[in-house]
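A short write-up of the structure that comes next.
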Amino acid sequence: MSDEISSPLPDDDTKEKLDKAAEIITGHLDKALEDCISAGLERDHFTAAVIATMMQAVETSLGGNTAGALQEMAQMAIEREKETPVQ
1 MSDEISSPLP DDDTKEKLDK AAEIITGHLD KALEDCISAG LERDHFTAAV IATMMQAVET
61 SLGGNTAGAL QEMAQMAIER EKETPVQ
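In terms of the UniProt record's numbering, the sequence shown is residues 1 to 87.
The structure is reproduced here in structure tokens:
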């Protein structure tokens with residue numbers, strides 16, 4: 001048995017790649033938000049669409065078994081919103 005504790009943090013190379021990907025994605029999201037606002041959409045519409053798109057991507061990547069979990073998370077978010085609406 002090893003005394004080493006495995007770190008959940010990514011190694012430097014992985015962290016660098018994740019940071020670069022985040023930078024690229026953020027640029028696209030910023031542009032998409034600008035486009036949505038220019039089209040007369042509200043930020044809430046943009047946010048909901050981004051979350052829905054991410055959920056679809058996760059479901060596609062992980063397979064159909066995640067669909068139930070994603071629907072459950074969405075239902076929890078709806079219930080939380082009903083309990084404490086955003087002002």
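C-beta: ideal position from N, C-alpha, C; glycine also.
Asked, Found
"At what residues does the alpha helix (DSSP H) containing GLU42 begin and finish?", "Note, GLU42: premise wrong, no alpha helix (DSSP H); not H, not E."
"Using 8 angstroms for Cβ pairs, my map puts PRO10 next to LEU18. What's the rounded Cβ distance?", "7 angstroms"
"For the putative contact between VAL58 and LEU29, defined by C-beta atoms under 8 angstroms, what is the C-beta separation to the nearest angstrom?", "Not really, about 17 angstroms apart at Cβ, beyond 8 angstroms."
"On the three-state DSSP scale, how would you describe GLY63?", "coil"
"Reducing DSSP to helix, strand and coil, say where GLU16 ends up.", "helix"
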